[in-house]
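Trainee:
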Amino acid sequence: MPIISAHHLVKDFVRPKRHSGRFAALRTLLTSESVTTRAVDDITLSIDEGEIVGYLGPNGAGKSTTIKMLSGILTPTSGEVEVCGVVPWEQRTTNALNIGVVFGQRSQLWWDLPLTESLALIGKMYRMEEGKYRANLDMLVELLEMQSFLGTPVRQLSLGQRMRGDLAAAVLYEPPVLFLDEPTVGLDVVAKERIRSFIEQINAERRTTVLLTTHDLGDVERLCQRLIIIDHGRLLFDGATNDLKRRYAPHRLLDIVTAPDGEGSLGAFIDALPADFALEHHDGMGATFAVNPDVIALPDAIAIISSRVPIIDLGVREPALEGIIREIYETREVMA
Amino acid sequence: MKHTLTLCGQMALASIRGQMQYRFSFIIGVLGGMFFQGLGIVMIWAILETFTSLGSWGLAEIALLYGLRLTAHGLYLVFFSSLYAIDDFVREGQYDRLLVRPVHPLLQLMFTDFRITVLGDLIGGIAILVAALSRIDIEWSAAHVMLITGAILGGAMLDGAFQILPASLTFRFVESWPARVVFDDVFSRYGNYPTDIFGGIGSRVLTFLVPVAFVAWLPAAILLQKETFLPSWTGWLTLPVGIVCMSVAITVFMRASRGYQSSGS
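If you read the sequences in order, they're chains A and B. The working numbering runs 255 ahead of the 1-based position in the first sequence. The working numbering runs 528 ahead of the 1-based position in the second sequence.
1. Pull up the distance between the alpha-carbon of B:T532 and that of A:M383, whole angstroms please.
2. Distance, Cα to Cα, B:I656 vs B:A591?
3. Less than 6 Å separating the Cβ of A:P257 from some heavy atom of the ligand FMN?
4. Could you say if the stretch 667-686 of chain B and the stretch 757-770 of chain B meet the contact criterion of at least three C-beta pairs nearer than 8 Å?
5. In the DSSP assignment, find the alpha helix (DSSP H) that holds B:R619 and state where it starts and stops.
6. I'd like to know if B:R786 contacts chain A, where contact means its C-beta is closer than 7 Å to some C-beta of that chain.
7. Hey, could you find the ends of the alpha helix (DSSP H) B:V658 is sitting in?
8. By a C-beta neighbour count over all protein chains shown, 10 Å radius and 16 as the cutoff for buried, is B:Y550 buried or exposed?
9. Using DSSP bridges, identify the partner residues of A:H487.
10. Considering only their Cβ atoms, is the gap separating A:H506 from A:N547 smaller than 7 Å?
11. Can you tell me which of B:L567, B:L535 and B:F608 puts its alpha carbon nearest to the alpha carbon of B:D712?
12. Between the alpha carbons of B:M674 and B:P694, how many angstroms are there, rounded?
13. Near A:E372, which residues of its chain fall below 8 Å by C-beta distance, leaving aside the five closest residues on each side in sequence?
14. Can a CB atom of chain A be found closer than 7 Å to the CB of B:D624?
15. Answer with yes or no whether the minimum CB distance from A:V589 to chain B is below 7 Å.
16. For A:A591 and A:T496, what's the separation of their Cα atoms in angstroms?
17. Within 10 angstroms of the Cβ of B:I569, are there 16 or more other Cβ atoms? Answer buried if so, exposed if not.
18. Against chain A, does B:G546 count as a neighbour if the rule is that its beta carbon must be under 7 Å from one of theirs?
19. On the DSSP letters alone, give me the boundaries of the beta strand (DSSP E) that A:L435 sits inside.
20. Assuming A:P271 is part of the beta strand (DSSP E), what are its boundary residues?
21. Between the stretch 315-332 of chain A and chain B, which residues of the former have a C-beta closer than 7 Å to a C-beta of the latter?
22. Output yes or no for whether 7 Å exceeds the beta carbon distance between A:L368 and B:A542.
23. Report buried or exposed for B:A835, applying the criterion of at least 16 other Cβ atoms within 10 angstroms of its Cβ.
24. Tell me whether B:M529 is buried or exposed, calling it buried when 16 or more other Cβ atoms sit within 10 Å of its Cβ.
25. At what residues does the alpha helix (DSSP H) containing A:D393 begin and finish?
26. Could you have a look at A:V589 and say whether DSSP puts it in helix, strand or coil?
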């Protein structure tokens, strides 16, 4: 029984047609023509309780639009959605009790109020008991290290602090579902790490289901066992992160460094490269080869190189997710 | 219900505490409101200095009308002045925030941006109303107190309804302030005078189409025992008419909000 499900979800945005040329403004005003853009085009997905799913796609792919339909902000043009058994835009209030939402680009907090007051108001809005509220607040203040800026008005917080405040506000009332729209955007590495480990912890302790959009594949590598990739509003991939790697980049990367006198033999090896090796990178005494373990076992590949080239250092890497995703965005190939 | 009321109070208090950081704007807002509304009555006084009466209404009677309407308007402002921000809320996608909370979005809009600065208008209204009542010889009864209270509450609701109604256009056209200004103008321009001085058609429009007449004129006519073109009991209808208009306006607003398009990202 999935906790989030969407069937053939479609969202069109309709705007009056803009004219150009003579009397453009007047014609735009009086026009009855309209332009329809399809932001989300027939998306079907289902997410089970306790999953952390990365929702990826290039800018304008329809990620935020999907999240806004799942959280009850937008009404879809067609299709069905259920989140915790509730249709979000029809039973908005009930839905609001079940979900926590963070938009990285825009705070959900009260701009002029100290963070504590924002959190207190949210506690009241969600009818939290005093004891529960205190306990959760103390836990969040500690986990997110918010003690030092609890009394600061939200508008004076740094981006990292504000994001932590927003996350605290979103999980304070223990919603079973969390929608995070770019929760690490613009943050430094330390702040990103803090947020990632927090998401991980909440998911582990409360079995909170998390749907997360991001452009930072570090978030995905760290948190998401499953990925959904969309582009132009259409589903490109839905499956395990490891599956994506296996399917799109089954090879491993071998980094080698030769002994000082090995430059010549490395050059010779590269000039007559065995069929199972692909050269990724070469500079003087170092080189990187891609080999597919399904074709040639890694120890064999290493044995072949070391028999021909004097090696002093060797490393084996998995291809980075970033390269795979870049390739998918660039080719925009449907493969679901 | 009780929970919602407490919550609204807490949101309003929090919002007021937030605004107190901007003390200058608060003081200017309150004084400005009182000054602006004071000028309005000076204007009417100047007119009556020249013409002695409007229709069959003398200065104190007009002041009663003016005070009733201004108190209602001040009360409306206290609760609904954040409606002025609806265009920005929708254009910038801030309305998103109201939709993911388990409280009616209109209540959140009203109370999380609760503008205490408009108190000046309310204080000005009450001052004029009290001054007018002390100059007029009316008999004080529980019924009359109810009539005045009902007129103020109903009048505030009418003001609110005819701002919420045009505000619902925001979801489709993004900018709705011209429509809101039109209604605000109709209420403040025509509400302060006996409706029947605007002629047969004019006064019908101001009664049945945009029910400005119910805000102050019809209830004041009962207090002052004046004749109107309607039976005198209609002066009691301000509150019911206000409630009906408000319910319709909220329904229309919520229906229209389904067309909300949010903003990019």
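For glycine and all other residues, C-beta sits at the position ideal for the given N, C-alpha and C. What you are looking at is a predicted structure, and each value in this text was computed from that prediction instead of being measured.
Mentor: Taking the coordinates as given:
1. Cα to Cα, the separation comes out at about 14 Å.
2. The straight-line gap separating the alpha-carbon atoms of B:I656 and B:A591 is approximately 7 Å.
3. Because no ligand of any kind appears in the structure shown, any question about the ligand FMN cannot be addressed here.
4. Taking 8 Å as the limit for Cβ pairs, the verdict is that the stretch 757-770 of chain B does touch the stretch 667-686 of chain B.
5. According to the DSSP assignment, B:R619 belongs to the alpha helix (DSSP H) that extends over I614 to R619.
6. True, the Cβ-Cβ gap to chain A drops below 7 Å.
7. That run of the alpha helix (DSSP H) goes L647 to R663.
8. By the 10 Å Cβ count, B:Y550 comes out exposed.
9. Bridge partners of A:H487: none, in fact.
10. Yes, the Cβ-Cβ distance between A:N547 and A:H506 is below 7 Å.
11. Taking B:D712 as reference, the option from B:L567, B:L535 and B:F608 with the minimal CA-CA separation is B:F608.
12. About 30 Å.
13. Result list for A:E372: W365, in chain order.
14. For B:D624, the answer is yes, since a Cβ of chain A falls inside 7 Å of its Cβ.
15. Confidence in A:V589 is poor, its pLDDT being 48 and thus under 50, which makes the residue's placement unreliable; the coordinate value appears in the next sentence. Answer no: the Cβ-Cβ gap between A:V589 and chain B never drops below 7 Å.
16. Here A:A591 scores only 43 on pLDDT, less than 50, and its place in the model is too uncertain to base an answer on.
17. It counts as buried.
18. Yes, B:G546 lies at the interface with chain A (some Cβ there is under 7 Å from its Cβ).
19. Segment V432 to D436, the beta strand (DSSP E) holding A:L435.
20. Where A:P271 is concerned, the enclosing beta strand (DSSP E) starts and stops at I259 to P271.
21. Listed by position, the residues of the stretch 315-332 of chain A near chain B (Cβ gap below 7 Å) are S319, K323, S326, G327, I328, L329 and T330.
22. Result yes, Cβ atoms of A:L368 and B:A542 sit closer than 7 Å.
23. This structure does not reach residue 835 of chain B, given that chain B is present from 529 up to 793, and the question cannot be answered.
24. Residue burial is scored here from C-beta neighbours: B:M529 has fewer than 16 other C-beta atoms within 10 angstroms and is therefore classed as exposed.
25. Note, A:D393: alpha helix (DSSP H), E385 to L398.
26. Summary for A:V589: the model assigns pLDDT 48, below 50, so the residue's position carries little reliability; its value from the coordinates is reported in the next sentence. Three-state result, A:V589: coil.
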